[in-house]
Amino acid sequence: MTSAPSATPPSERPASAALSTIWLFVFVVLAWSLNWVVMKLAVQDITPLWAVTIRTALAAAVLIPALHANHQLVRPPPADYPIVLVISLFHMVAFAALMTAGLTYVSAGRAIVLGYTTPLWVAPAAFLFLKERMSFRQILGIGIGMAGLLLLVGPSAFDWKSREAILGHGLPILAAICWSVSIVYTRAHRWTATPLQLMPWQCLLAAAVLAILALSFEGPPPTRMGAPAILALAYNGVIGTALGFWAMTVVNRRVPATTVALGVLATPVCGIGLAALLLGEGRDPILILSAFIIMAGLAIGTKPRA
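One point on numbering: in UniProt numbering, the residue at position 217 of the sequence shown is 217, and numbering is uninterrupted.
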């Protein structure tokens with residue numbers, strides 16, 4: 001008598017899924033930390049809206065043949081139209097465009113920190129619309145993380161009468177609010193197709209909207225770009241957009257919205273370090289202290305229950 005092939009014990013499947021989610025989250029944090037550093041290089045040679053348009057179109061150009069080759073390219077089901085619209089318009093268009101525009105006024109490290117104040121908006125929205133209860137640990141983690149961010153971007157450090165200061169700090173914060181809409185809705189949506197199958201359509205829609213905006217506000221597309229801008233857009237299109245947005249969508253499906261918001265607080269910490277390392281942006285004790293406070297909030301807010 002031959003024994004039946006052994007199956008993976010059910011108890012191991014959740015552990016395997018949890019591990020894959022953790023690695024996807026780590027990838028997102030690292031990819032997006034570098035994303036805005038290289039985008040800072042791009043906007044020195046190309047206008048913000050065209051930079052985001054090109055990187056998003058490049059992501060679609062990578063995803064469509066890849067999915068077609070693996071027989072995964074399908075039309076989005078009508079039930080998934082809302083999620084395609086929300087992710088395209090609020091994350092790929094609004095968040096990316098506002099963040100990129102902010103980079104033209106402030107340093108990459110500061111723009112990253114401001115853009116990732118998302119927990120301030122996600123936590124109450126998830127409580128109100130998704131009925132996700134926040135534990136004391138999560139509330140404490142959010143409070144500590146936001147205290148670290150506020151320490152880094154205290155109003156006494158800026159001339160708030162300056163138009164550049166207002167735009168440089170206001171645009172990334174508005175971007176964070178737009179991203180929170182995407183996070184909360186993604187968590188609530190009942191998916192029919194997979195996140196990967198919807199990605200090319202989200203990119204195509206976002207690229208079309210961005211191209212219209214770029215033509216309206218910035219004129220014709222650039223005809224010449226330097227090597228740093230080309231390399232930056234290539235990284236943004238393939239790693240930061242195509243793979244990064246897909247991985248973040250998967251994480252949003254598997255993890256409560258508040259936990260996602262806390263987890264992405266690691267992105268500005270890594271981004272500050274990369275900006276200092278690669279762009280020569282100044283380091284100071286307040287920045288280092290803020291990073292430690294943010295990481296403390298992460299550790300407290302995302303620590304598993306005993």
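For each residue, glycine too, the CB sits at the ideal point set by N, CA and C.
(request) Report the three-state DSSP secondary structure of I293 (helix, strand or coil). (result) Start at 1 with the first residue of the sequence shown, and residue 293 comes out as number 293. Three-state result, I293: helix.
(request) Going by CA-CA distance only, name the one from V113, I22, P124 that's closest to V181. (result) Numbered from its first residue, the sequence shown carries residue 181 at position 181. Its Cα nearest to that of V181, the residue P124 stands out among V113, I22, P124.
(request) Determine the direct distance from the alpha carbon of V209 to that of L215, and round the result to whole angstroms. (result) Counting from one through the sequence shown, the residue named residue 215 turns up at place 215. Counting from one through the sequence shown, the residue named residue 209 turns up at place 209. The alpha-carbon atoms of L215 and V209 are separated by roughly 10 Å.
(request) Identify which residue in I144, V62, I87 has its Cα closest to the Cα of M248. (result) Mapped onto the sequence shown, residue 248 falls at position 248. Sorting I144, V62, I87 by C-alpha distance to the C-alpha of M248 places I87 at the top.
(request) For my contact list, G115 and M99 are in at a C-beta cut-off of 8 Å; report their separation, rounded to the angstrom. (result) The sequence position of residue 115 within the sequence shown is 115, counting from 1. The sequence position of residue 99 within the sequence shown is 99, counting from 1. Confirmed, Cβ separation roughly 5 Å.
(message) By the DSSP assignment, the alpha helix (DSSP H) with H71 in it spans what residues?
(response) The residue you call residue 71 lines up with position 71 of the sequence shown. It is not in any alpha helix (DSSP H) - H71 carries neither H nor E in the DSSP assignment.
(message) Could you check whether V264 and V29 sit closer than 9 Å to each other, using their CB atoms as the reference points?
(response) As a first step, residue 29 is located in the sequence shown; it is residue number 29 there, counting from the start. As a first step, residue 264 is located in the sequence shown; it is residue number 264 there, counting from the start. Going by C-beta atoms, V29 is nearer than 9 Å to V264.
(request) Go ahead and label S33 buried or exposed: buried means 16 or more other beta carbons lie within 10 angstroms of its beta carbon, across all protein chains shown. (result) Counting from 1 along the sequence shown, the entry for residue 33 is found at position 33. Classification of S33: buried, given that the 10 Å Cβ count is 16 or more.
(message) In this structure, how does DSSP classify S135 when only helix, strand and coil are distinguished?
(response) Here residue 135 corresponds to residue number 135 of the sequence shown, with the count starting at 1. It is coil, neither helix nor strand.
(request) Hey, could you find the ends of the alpha helix (DSSP H) L167 is sitting in? (result) Along the sequence shown, read from residue 1 onward, the residue named residue 167 stands at position 167. Residues 163–188.
(message) For a test of the three-state rule: what should DSSP assign to M225, helix, strand or coil?
(response) Indexing the sequence shown from 1 puts residue 225 at position 225. Secondary structure at M225: coil, using DSSP grouped into helix, strand and coil.
(message) Within 8 Å, do at least three Cβ pairs link the segment 73–84 to the segment 131–149?
(response) At 8 Å Cβ cutoff, the stretches do not touch.
(message) Can you tell me whether L130 is helix, strand or coil according to DSSP?
(response) By one-based count along the sequence shown, residue 130 stands at place 130. Correct three-state label for L130: coil.
(message) Let's test the definition: count the other Cβ atoms within 10 Å of the Cβ of L277 and tell me whether it reaches 16, buried, or not, exposed.
(response) The residue given as residue 277 occupies position 277 in the sequence shown. Counting Cβ neighbours within 10 Å, L277 comes out exposed, since fewer than 16 surround it.
(request) Can you tell me which of S135, P82, E164 puts its alpha carbon nearest to the alpha carbon of L198? (result) Locating residue 198 in the sequence shown gives position 198, where the first residue counts as 1. Out of S135, P82, E164, P82 has the C-alpha closest to the C-alpha of L198.
(message) Restricting to Cα atoms, I'd like to know which of A18, V153, L103 is closest to I286.
(response) What you label residue 286 is simply residue 286 of the sequence shown in a count that begins at 1. Nearest to I286 by alpha-carbon distance, out of A18, V153, L103, is V153.
(message) Taking the straight line between their C-alpha atoms, what separation do you get for C203 and A51?
(response) Stepping through the sequence shown from its first residue, residue 203 is reached at position 203. Stepping through the sequence shown from its first residue, residue 51 is reached at position 51. When rounded, the distance between both Cα atoms is 14 Å.
(message) With the cut-off set at 9 Å, would you say R55 and G297 are in Cβ contact?
(response) In the sequence shown, residue 55 corresponds to position 55, counting from 1. In the sequence shown, residue 297 corresponds to position 297, counting from 1. Judged by their CB atoms, R55 and G297 are not nearer to each other than the 9 Å cut-off.
(message) Do G148 and A299 have their beta-carbon atoms positioned less than 9 Å apart in this structure?
(response) By 1-based counting over the sequence shown, the position of residue 299 is 299. By 1-based counting over the sequence shown, the position of residue 148 is 148. Between A299 and G148, the CB-CB gap reaches or exceeds 9 Å.
(message) Determine, for L85, whether the minimum Cβ-Cβ distance to residues of chain B falls below 9 Å.
(response) The question asks about chain B, but that chain is absent: this structure has only one protein chain.
(message) If I measure Cβ to Cβ from Y105 and keep anything under 6 Å in the same chain, skipping five residues before and after, which residues do I get?
(response) As a working note, residue 105 is residue 105 in the sequence shown. Here the set comprises E164, L167, G168.
(message) Using C-beta distances below 7 Å, list every residue in its chain close to S107, excluding the 5 sequence neighbours before and after it, in chain order.
(response) Along the sequence shown, read from residue 1 onward, the residue named residue 107 stands at position 107. A275, E281.
(message) Going by DSSP in three states, A299 sits in which element: helix, strand or coil?
(response) Taking the sequence shown and counting its residues from 1, the one referred to as residue 299 is at position 299. Here A299 sits in helix by DSSP.
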